[in-house]
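Some notes on the structure that comes next.
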Amino acid sequence: MEKLGVEVETKKPKAKETGLQELPGTHENIVLRFAPNPSGPLHIGHSRAAVPNAEYVKRHNGKLILRIEDTDPKRVYEPAYEMIPEDLEWLGVKADEIIYQSDRFEIYYDIARQLIEKGAAYMCTCDGATFKELKDNCKPCPCRDNSVEENLELWEKFDTMQAGEAVLRVKTDINHKNPAIRDWVAMRLEDAEHPRLGTKYRIYPMMNFSVSVDDHLMGLTHVLRGKDHLANTEKQKYLYDHMGWDVPEYIHYGRLKMEDIALSTSKAKEGIEDGTYSGWDDPRLGTLRAIARRGIQAKTIYDLIIEIGVKMADSAISWKKIYGQNRNFLEPIANRYFFCENPQKITVEGYTEGRVDIERPLHADHMDRGNRVLPFDGEVYLAQSDIKDGMFRLMDAVNVDINGEEITYHSTSFEDARAVKARIIQWVPLEDNVNVKIVMDDASIKTGIGEGALKNLEVGDIVQFERVGFARLDEIADDELIFYFAHK
RNA sequence: GCUCCGGUGGUGUAGUCCGGCCAAUCAUUUCGGCCUUUCGAGCCGAAGACUCGGGUUCGAAUCCCGGCCGGAGCACCA
Numbered sequence: 003m004e005k006l007g008v009e010v011e012t013k014k015p016k017a018k019e020t021g022l023q024e025l026p027g028t029h030e031n032i033v034l035r036f037a038p039n040p041s042g043p044l045h046i047g048h049s050r051a052a053v054p055n056a057e058y059v060k061r062h063n064g065k066l067i068l069r070i071e072d073t074d075p076k077r078v079y080e081p082a083y084e085m086i087p088e089d090l091e092w093l094g095v096k097a098d099e100i101i102y103q104s105d106r107f108e109i110y111y112d113i114a115r116q117l118i119e120k121g122a123a124y125m126c127t128c129d130g131a132t133f134k135e136l137k138d139n140c141k142p143c144p145c146r147d148n149s150v151e152e153n154l155e156l157w158e159k160f161d162t163m164q165a166g167e168a169v170l171r172v173k174t175d176i177n178h179k180n181p182a183i184r185d186w187v188a189m190r191l192e193d194a195e196h197p198r199l200g201t202k203y204r205i206y207p208m209m210n211f212s213v214s215v216d217d218h219l220m221g222l223t224h225v226l227r228g229k230d231h232l233a234n235t236e237k238q239k240y241l242y243d244h245m246g247w248d249v250p251e252y253i254h255y256g257r258l259k260m261e262d263i264a265l266s267t268s269k270a271k272e273g274i275e276d277g278t279y280s281g282w283d284d285p286r287l288g289t290l291r292a293i294a295r296r297g298i299q300a301k302t303i304y305d306l307i308i309e310i311g312v313k314m315a316d317s318a319i320s321w322k323k324i325y326g327q328n329r330n331f332l333e334p335i336a337n338r339y340f341f342c343e344n345p346q347k348i349t350v351e352g353y354t355e356g357r358v359d360i361e362r363p364l365h366a367d368h369m370d371r372g373n374r375v376l377p378f379d380g381e382v383y384l385a386q387s388d389i390k391d392g393m394f395r396l397m398d399a400v401n402v403d404i405n406g407e408e409i410t411y412h413s414t415s416f417e418d419a420r421a422v423k424a425r426i427i428q429w430v431p432l433e434d435n436v437n438v439k440i441v442m443d444d445a446s447i448k449t450g451i452g453e454g455a456l457k458n459l460e461v462g463d464i465v466q467f468e469r470v471g472f473a474r475l476d477e478i479a480d481d482e483l484i485f486y487f488a489h490k
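Here my numbering is used: the first residue of the first sequence is 3, the next is one more, and so on.
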């Protein structure tokens, strides 16, 4: 007992220091953002970005902006505009404001013009290959020497040019030791139709440009992003310098590798279109909606991401870890039921006690939830895989000997079963049951039968099928219940 | 190739900034035990790591140098 008291005491301070390192810079009025590209619904990788942002905002009472980065019409998947907020809500991430970059083109144009006027950006009419050749050798391209007037004139005509004919470049350092940093593109021409803008604009900002402008204008105090943006951060700082803006605090985190599912959004989309996957919530996908459908709790993902934190080292998260954590959440909430896969109807020969109602608690640790009642009269369904020679105890009912096809009554007392360490197996009554299908994590299906009490469940309920595992009720069909399997 | 960034048990982390309190934390995992009834759950217990080599120091997971391994970026994508 004493131990318990001590444990509670020492646990408190521990919970406080979880995961996230303290934010550098100011903690007052922080403004953070989550800025996905709307190419599909959110997957586990997105939570890597969304969760720490949300958590910092929560801890410091700051502001979180959801900024939809839809400046590449070719990569916009229209339903994603709806799906992203839904996914965030599930995750428990609450944005204070939602902004679409596609609403902000005039702002980008305005800043672009200012840059040109400052001589900090120039219209470049070189073709890509030529520019790269020069740039890689620390040579400025001829356009770099254009006068402000010439640039302004070209800028005005930009809209009338052919896609690919010119771009707007931000001046950096043509001798920068990393060629990637040298004079990057800020604006390009794009003829593809945009889902929200149609063909209203042809001049599109590049990510590095729109991101810098927005981060500044929206008052971001800290920018959290993957270390794949390290070079972009350096590029963007040149723009801040040109404009005389203060640079926010940048924090870069490592890559998150997800065991098994290396599935990119574009691959998933292909698979859905060709019928390989049933949809964005196919159990094989790593989307948040697929994970949710399987009964993985948002808190499991959220906590795991916080635990991983924002350090630069890469990390790999395993399903084992997710399942283990999730089980801790599910264990107390999931009521227990019997399910038999590939049910075999059997008769217990020699059983003469007649019909009895077997009562078994919905959850052994929560007796207040009551019992379920299973009528037993010597005839039951067993899972095919459980029918093996030997002595078994039908849970809470009787002990039987199985010998090939023959199943005979042995005894009723539990002690007899214990004495021989008989395996205790679940069963389903003949007269009160329901067809059950369980969709597994690899999309295969377990077909079987479950006890009648399952009929009281509602979609979304999570149960534990004893000796099978945890599953979430996904659909109540006319003649069967369809579950999605979470884990053991 | 060039530029940059990492490296604590199987996995994720704490500790690294400001060397000793670290024979290294917690979780997951694996294994074992327990259980008047899930030996696929639960409960209890155990196992398992500082990338390597030098250096500095009385003392290094922590500081320095080098190697090895891993990752990212090098677009008119985000």
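The beta-carbon is built from N, C-alpha and C at its ideal position, and this holds for glycine as well.
Quick one: measure Cβ to Cβ for residue i and residue j, integer angstroms, because I've assumed they're closer than 8 Å.
i	j	result
I308	E57	6 Å
F378	F467	With 8 Å as the limit, F378 and F467 do not qualify as a contact, their Cβ atoms being about 19 Å apart.
R52	L90	Note that residue 52 corresponds to Ala in the displayed sequence, not to Arg. The Cβ separation is near 6 Å, so the contact holds.
D161	I109	At roughly 17 Å, the Cβ-Cβ gap does not stay under 8 Å, so D161 and I109 are not in contact.
K439	F487	The pair is not a contact, with the Cβ atoms about 10 Å apart (cut-off 8 Å).
P345	G450	5 Å
I298	E351	The pair is not a contact, with the Cβ atoms about 44 Å apart (cut-off 8 Å).
K65	V95	With a Cβ gap of about 13 Å, K65 and V95 do not count as contacting.
L222	V172	The Cβ separation is near 19 Å, so there is no contact.
K504	I176	A query on residue 504 cannot be resolved here, the shown segment of the chain reaching from 3 to 490 and no further.
Got a sec? Which residues, its chain only, sit under 7 Å from residue i by beta carbon, not counting five neighbours each side?
i	result
N234	N210
G281	I274
E433	P377
D138	P181
L6	With a pLDDT of 27 at L6, under the threshold of 50, the modelled position of this residue cannot be trusted, and the question is left open.
V470	F341
A336	I464, V465, Q466, F472
K457	V436
A424	M393, F394, R395, N401
Once DSSP output is grouped into helix, strand and coil, what is the label at residue i?
i	result
S266	coil
H365	coil
R395	strand
Y206	strand
S413	strand
I298	coil
Y79	coil
V213	helix
V441	strand
K60	helix
A188	strand
H218	helix
R469	coil
Go through its chain and collect everything with a Cβ distance to residue i's Cβ below 8 Å, but skip five positions before and after it.
i	result
G256	G228, K229, K313, M314, A315, D316, S317
E19	In this predicted model, E19 has a pLDDT of only 45, less than 50, meaning its place in the structure is not dependable; the value taken from the coordinates is given anyway. None.
T302	I324, Q327, N328, F331
P54	L22, L226, Y255, I307, I308, G311, V312
D367	P334
E167	T127, L191
K347	E381, V382, Y383, L432
H29	H62
For residue i, which residues of its own chain have a beta-carbon under 6 Å away from its beta-carbon, when the five flanking residues on both sides are left out?
i	result
T414	V400
I70	P40, Y102
K14	Confidence is the limiting factor: at K14 the pLDDT is only 26, short of 50, which leaves the residue's position unreliable and the question unanswerable from this model.
I426	R395, M397
E251	P26, G27, H224
I46	M260, G288
Check whether the region 388–395 touches the region 358–365, counting contact only when three or more Cβ pairs, one atom from each stretch, lie closer than 8 Å.
no
Tell me the start and end of each unbroken beta strand (DSSP E) in the region 85–169 that is at least 3 residues and wholly inside, in chain order.
99–102, 123–126
Unbroken beta strand (DSSP E) runs of length 3 or more, entirely within the region 304–371: which are they?
317–319, 337–339, 341–343, 345–349, 358–363
Whole runs of the beta strand (DSSP E) within the region 223–290, excluding any shorter than 3 residues:
224–228, 251–255, 258–260
Would you list, in sequence order, the uninterrupted beta strand (DSSP E) runs of no fewer than 3 residues that lie entirely inside the region 21–56?
33–36
Tell me, please, whether the region 74–84 touches the region 188–200 by the rule of three or more beta-carbon pairs shorter than 8 Å.
With the cut-off at 8 Å, the region 74–84 and the region 188–200 touch.
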